[in-house]
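S.K.: Using my numbering, the letters of the sequence shown map in sequence onto residues 118 to 280.
Ideal Cβ positions, reconstructed from N, Cα and C, are used throughout, including at glycine.
If you're wondering where the values come from, they're calculated on a predicted model, not measured in any experiment.
Quick one: the structure is below, and I'll ask about it shortly.
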Amino acid sequence: DKLSELIKKPNIVAIGEIGLDKAKSVDFNVQTMVFKKQLELAANIKKPVILHCVKSFQEFYLEFANYPNNTYIFHDYAANFKIATQFLKYDVFFSFGKSLLMSKSKALDAFMNLPLERIFLETDNYEIDIKAIYKKAADLRGLSIQILKNKIFDNFEQIFKNK
């Protein structure tokens, strides 16, 4: 009930970070029940959803079918491109961070192959300068940092311009 009230405030532009995490000790059935309610709230007020997903992509995919009009952003996406492609029929974006700086990461394949129109960059709570993430991402994609910044800003505007 409290969340239902809070999300109506004009300064709330998204719901999240919400999700499912099989690595946590919280009962997964409880997580799923709460997640479904949160997705329903987001759908009712037409707010984007910032997602936390750990070892739960199949469950996410099943829930997305119930809320196909929501806009979703996978926070700190760390899975491979094959998993990402399953979600592209929805209004889904993928945010990358620390994983881009690692020499071996499943997320590198996803980052390299997803359209730029579906990408964000982040540092999360790691003590990494966002400039390092942008530089690495631009180098990986063979772009200037400014072109990459412009594209990500366009993605941001696409999602949040009317929220």
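1. With respect to the alpha helix (DSSP H) encompassing Y251, which residues constitute its N-terminal and C-terminal limits?
2. Tell me which same chain residues have a C-beta within less than 7 angstroms of the C-beta of Y207, skipping the five on either side of it?
3. Compare the C-beta of K139 with all C-beta atoms of chain D and state if any pair is closer than 7 angstroms.
4. What residues are listed by DSSP as bridge partners for L238?
5. Should F277 go down as buried or exposed, given a rule of 16 or more other Cβ atoms within 10 Å for buried?
6. By how many angstroms is the C-alpha of F237 removed from the C-alpha of E157?
7. What first and last residue would you give for the beta strand (DSSP E) that runs through D138?
8. Could you compute how far the alpha carbon of Q148 sits from the alpha carbon of E134?
M.R.: Let me lay it out:
1. Mapped onto the sequence shown, residue 251 falls at position 134. From DSSP, the alpha helix (DSSP H) with Y251 extends over I247 to R258.
2. Here the question's residue 207 lines up with position 90 in the sequence shown. Only F181, P185 and Y189 meet the Cβ criterion.
3. Chain labels in this structure do not include chain D; a single protein chain is all it has.
4. Sequence index remark: in the sequence shown, residue 238 carries index 121 (1-based). According to DSSP, which records beta bridges pairwise, L238 is partnered with F213.
5. As a position in the sequence shown, residue 277 is number 160, starting the count at 1. Counting Cβ neighbours within 10 Å, F277 comes out exposed, since fewer than 16 surround it.
6. Here residue 157 refers to the residue found at position 40 when the sequence shown is read from its first residue. Here residue 237 refers to the residue found at position 120 when the sequence shown is read from its first residue. C-alpha separation (whole angstroms): 24 angstroms.
7. Mapped onto the sequence shown, residue 138 falls at position 21. Element bounds for D138: I132 to D138.
8. The count along the sequence shown starts at 1 and reaches residue 148 at position 31. The count along the sequence shown starts at 1 and reaches residue 134 at position 17. Taking the straight line joining both Cα atoms gives about 13 angstroms.
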